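First comes the structure, then the notes that go with it.
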Amino acid sequence: MEISIPNLQNLKPPLGSEAGASPWLRRLRLFLTPFSLVLALFLWEGLVRLAQLPAFILPSPGRVAARFWQALADGTLLRHTSTTLLEITLGLLAGTLLATLIGYLLAKSPLFEQLFAPYLVASQAIPIVAIAPLLVIWFGPGIFTKVLICALIVFFPVLVNTVVGLRAVPQDLRALMRSLRATPWQNLRYLEIPAALPVFLGGLRVGATLSVIGAVIGELVAADRGLGFLINVGRGQYDTALVFVAVFTLVTLALLLYGAVIYMERRLLAWQSEPYKRNGNKILD
0 MEISIPNLQN LKPPLGSEAG ASPWLRRLRL FLTPFSLVLA LFLWEGLVRL AQLPAFILPS
60 PGRVAARFWQ ALADGTLLRH TSTTLLEITL GLLAGTLLAT LIGYLLAKSP LFEQLFAPYL
120 VASQAIPIVA IAPLLVIWFG PGIFTKVLIC ALIVFFPVLV NTVVGLRAVP QDLRALMRSL
180 RATPWQNLRY LEIPAALPVF LGGLRVGATL SVIGAVIGEL VAADRGLGFL INVGRGQYDT
240 ALVFVAVFTL VTLALLLYGA VIYMERRLLA WQSEPYKRNG NKILD
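Residue numbering for the sequence shown is 0 to 284, as defined by numbering that gives the first Met the number 0.
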């Protein structure tokens, strides 16, 4: 059976997206980012010089850069960064998979939602920093605890966006699929996933950045490696430059993860900006 849904051709990219931006505006955005970074460095350097702050209070950008190269050269930064990145990756994958599965069940089953949604919402009232010490006591200070904390902090935003995305599927398209006697798998693959994907990826953006926070919280509570551990070492030794190095590395990881989700979003949602022409607009066979 072959079905063509011309409505998909009328979908447009979201307002304000890169696809709709003019070339000069895109060039301006590319210029503003490095300009704002250079300006921030100048202001930082000026504050240190004018206030004559000691290095253990606020090190200069040059001192932080020198500490960065030192930590990079002796392998300290790479060793701790690789540990944190592994925890982030595993936690993000675990939290996303679990949230997607439970979100689908909540969206499809009112009974399941009535039973479990109140507990899921109530769990978000407990700060992750409050239960992190308990998780360390229960499961030990190993990598599993950090991955679990990452998964917990990623779980809720992805869950909510999964439910919202699935419930935002137009009812007329659902009726069309029913009239064509589409199977549950065909409904999921050709209707629900494409319709929910933009909202789901929005939740994944949030989850990707929060996963960095989850890993650091676990490492700050109990760890012998990782960027959070490096922050503790720098704090204990009054090596504020090392703390800045670890923090900037965490920011870089968060930006890279966010950029990876943006890239994946552009690849997966290319059909929103171009007519769906594959196989002559035939989406079911």
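Glycine included, every Cβ here is placed at the ideal spot set by N, Cα and C.
Just so you know, these numbers come straight off a predicted model, no measurement behind them.
Top-ranked residue by Cα proximity to Ile87, from Ala106, Phe154 and Asp238: Phe154
Cα-Cα separation, Leu79 to Leu229: Note on residue identity: the sequence assigns His, not Leu, to residue 79. If you take the alpha carbons of His79 and Leu229, they lie about 7 Å apart.
Cα-Cα separation, Ala65 to Leu40: 15 Å
Under 8 Å between C-beta atoms of Val211 and Leu147: no
Burial state of Ala174 (16 or more Cβ within 10 Å): exposed
Inter-stretch contact at 8 Å, needing at least 3 Cβ pairs: the segment 119 to 139 / the segment 219 to 226: yes
Residue environment, Leu158, which counts as buried when at least 16 other CB atoms sit within 10 Å: buried
Within 8 Å, strictly: CB atoms of Val289 and Leu203: Outside the shown range of the chain, which is 0 to 284, sits residue 289, and nothing can be said about it.
Own chain partners of Glu44 with C-beta closer than 7 Å, once the 5 adjacent residues on each side are dropped: Ser59 and Pro60
Length of the line joining the Cα atoms of Tyr257 and Ala207: 6 Å
Phe243, buried or exposed, once every other Cβ within 10 Å from all chains shown has been counted against 16: buried
Buried or exposed by the 16-neighbour rule on C-beta atoms within 10 Å, applied to Thr32: exposed
C-beta atoms of Val198 and Ala106 nearer than 8 Å: no
Run of the alpha helix (DSSP H) containing Ile87, from where it starts to where it stops: Thr75 to Lys107
Straight-line Cα distance separating Ser178 from Asp171: 10 Å
Contact check, Arg62 vs Ala240, beta carbons under 8 Å: yes
Phe55 versus Tyr237 - alpha carbon distance: 6 Å
Assigned exposure category for Leu144 - 16 Cβ within 10 Å defines buried: According to the sequence as given, residue 144 is Thr; it is not Leu. Flag for Thr144 reads buried.
C-beta contact flag for Ala214 and Gly233 at 8 Å: no
Counted within 10 angstroms of its Cβ, other Cβ atoms place Ala181 as buried (16 or more) or exposed: buried
Under the three-state DSSP convention, the category Phe55 falls into: coil
CA-to-CA distance, Gly164 to Arg25, given in whole angstroms: 29 Å
Inter-residue CB distance, Leu298 and Leu96 (contact presumed, cutoff 8 Å): Lying before the first or after the last residue shown, residue 298 is absent from the chain, which here runs from 0 to 284.
Collapsed DSSP secondary structure at Val168 in the structure displayed: coil
Rounded separation between Leu27 and Leu46 - CA only: 28 Å
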